[in-house]
Amino acid sequence: MPAAGTNKAQRKNTRKPKFQADLAPVEDRIVRSLKEELQLSSNSDFMADAIALFRWAVAERKRGHKIISESTTGEREVLVLPRLERVAPEAVLPYVNITWNEEELESLMNLALAEPAQPTEALVRAMRG
Amino acid sequence: MGVIVRRLEEDDVAHNFDCNDDALNNYLKKHAWSNQQKISIGVTYVVVDESASKTMLGYFTLATSAIPRNSFPKKHVRGLPAYDLPLILLARLAVDHRFEGRGLGRLLLREALRISLSVSEQVGCRCIITDAYRNKVSWYAKYGFIPLEGGGEDKPTQRMFLDLRTLKAALKG
């Protein structure tokens with residue numbers, strides 16, 4: 638039988654972190670309204686969905702994808718959220734798609750998973766020059 | 747001749763640029779600026795003479811890309827993290843033939859590699875890829891680029907790979 642102290646420590650380790658936020662009255666109304674529209678019964682469910690959506694948005698922008706809303710008539714609006722733009726790679730370099738064949742991918746994988754090659758003398762001289 | 751490398755600007759003079767390759771000449775003259783500023787599919791850096799700072803002597807273009815995880819051979823996918831493989835594409839690199847032999851290609855490549863390292867620290871990248879003309883493969887190989895298998899001799903270019911860890915090692919010594 639494990640010691641009582643061990644169980645207590647385990648319970649402490651598995652305790653879920655609490656998230657508390659101060660909302661302005663208008664934000665509180667928005668949250669309540671969204672919860673109603675989305676038929677979410679708890680703040681935890683609301684947070685879980687909000688996190689999932691935000692996580693997706695961050696991942697898309699990290700890949701260089703734009704987040705676009707398109708109306709039924711084809712008018713498009715691009716979501717530009719300043720904080721989201723910080724993770725976008727095209728702030729530095731834009732994103733392009735490259736075509737690969739299977740052999741190239743196999744070869745690339747073998748190189749990427751192997752120990753890196755030693756730098757050549759020319760590379761060392763160029764980078765330190 | 748003092749030279750500087752900087753990002754392409756709208757009023758840079760490209761019409762005289764000639765690297766003896768129509769595709770590379772046309773890219774700089776017709777597409778580089780719009781690709782950079784309007785449709786955002788590549789950032790071009792140019793090398794210019796300090797005394798004639800609008801005349802381009804050479805250039806390179808960089809972009810980021812990624813390989814979807816599920817496109818890798820199945821035997822590798824299991825051991826991979828659940829993300830696409832991010833990389834940097836050295837899309838173009840050219841020097842005006844009238845300025846060949848002055849180390850401008852090396853200078854441009856060095857800047858491209860330095861920018862790649864900086865980008866990799868900001869957004870995470872695993873390697874640099876370039877599609878080298880076959881007569882330039884040995885030049886890239888000298889700087890550590892490794893030819894990937896499967897390019898096919900019929901293709902005009904050879905896909906080459908440089909591990910960013912190799913690049914970091916080159917800086918550390």
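So the sequence lines, in the order shown, correspond to chains A and B. Residue numbers in the first sequence follow this note's numbering, run continuously in steps of one, and reach 766 at the last position. Residue numbers in the second sequence follow this note's numbering, run continuously in steps of one, and reach 919 at the last position. Cβ atoms here follow ideal geometry from the backbone N, Cα and C, with glycine treated the same way.
Those residues which DSSP pairs with residue i across a bridge
i: V793(B); result: V751(B) and G804(B)
i: V715(A); result: I705(A)
i: R905(B); result: D877(B)
i: R838(B); result: T807(B)
Contact list for residue i against chain A, beta-carbon separation under 9 Å
i: F907(B); result: S744, L745, L748 and A749
i: P819(B); result: E739, L742, E743 and M746
Cα-Cα separation, residue i to residue j
i: F691(A); j: E697(A); result: 10 Å
i: F656(A); j: E740(A); result: 48 Å
i: S786(B); j: K703(A); result: 12 Å
i: E895(B); j: S744(A); result: 6 Å
i: K888(B); j: K882(B); result: 10 Å
i: D757(B); j: S799(B); result: 11 Å
i: A728(A); j: I834(B); result: Because A728(A) sits at a pLDDT of 49, beneath the cut-off of 50, its placement in the model cannot be relied upon, and the following sentence gives the value as read from the coordinates. Each residue's alpha carbon lies about 14 Å from the other.
i: F845(B); j: A769(B); result: 18 Å
i: L917(B); j: I705(A); result: 41 Å
i: K699(A); j: D900(B); result: 35 Å
i: A837(B); j: V823(B); result: 27 Å
i: R911(B); j: P753(A); result: 6 Å
i: M764(A); j: E673(A); result: 59 Å
i: N766(B); j: A751(A); result: 38 Å
i: S713(B); j: L803(B); result: Residue 713(B) falls outside the range modelled here, since chain B spans only 747 to 919, and no answer is possible.
i: T736(A); j: P832(B); result: 14 Å
i: S679(A); j: D686(A); result: 11 Å
i: V668(A); j: D659(A); result: 12 Å
Amino acids of chain A, ordered along the chain, whose beta-carbon sits closer than 7 Å to that of residue i
i: I892(B); result: L748 and A754
i: K776(B); result: Those do not exist, as K776(B) stays about 18 Å from chain A at its closest Cβ, beyond 7 Å.
i: A916(B); result: P756, L760, V761 and M764
i: K888(B); result: T757 and A759
Neighbouring residues, chain B, relative to residue i (Cβ below 7 Å)
i: V695(A); result: Ordered by position in chain B, no residue passes the 7 Å Cβ test against V695(A), which lies about 12 Å from the chain.
Chain-ordered chain B contacts of residue i [CB-CB under 9 Å]
i: L721(A); result: By Cβ distance, chain B contributes nothing, its closest Cβ being about 14 Å from L721(A), past 9 Å.
i: I704(A); result: Neighbours of I704(A) on chain B: none; closest Cβ ~15 Å, over 9 Å.
i: V733(A); result: I787, G788, A809, T810, S811, L835 and A837
Inter-residue CB distance, residue i and residue j (contact presumed, cutoff 8 Å)
i: L677(A); j: F818(B); result: No, L677(A) and F818(B) are not in contact; Cβ-Cβ is about 38 Å, not under 8 Å.
i: K776(B); j: F763(B); result: Not a contact, Cβ separation roughly 11 Å.
i: L863(B); j: L913(B); result: 6 Å
Neighbouring residues, chain B, relative to residue i (Cβ below 8 Å)
i: I688(A); result: By Cβ distance, chain B contributes nothing, its closest Cβ being about 17 Å from I688(A), past 8 Å.
Contact set between residue i and chain A, taken where Cβ atoms lie within less than 8 Å
i: L808(B); result: L730
Proximal chain E residues relative to residue i, where beta-carbon distance stays under 7 Å
i: C873(B); result: Here the protein chains are A and B, and chain E is not one of them.
### Message
Would you call the region 747 to 761 of chain B in contact with the region 849 to 863 of chain B, where contact means no fewer than 3 C-beta pairs closer than 8 Å?
### Response
Segments in contact, yes.
### Message
For the structure I just gave you, are there three or more beta carbon pairs, one from the region 902 to 909 of chain B and one from the region 870 to 885 of chain B, closer than 8 Å?
### Response
yes
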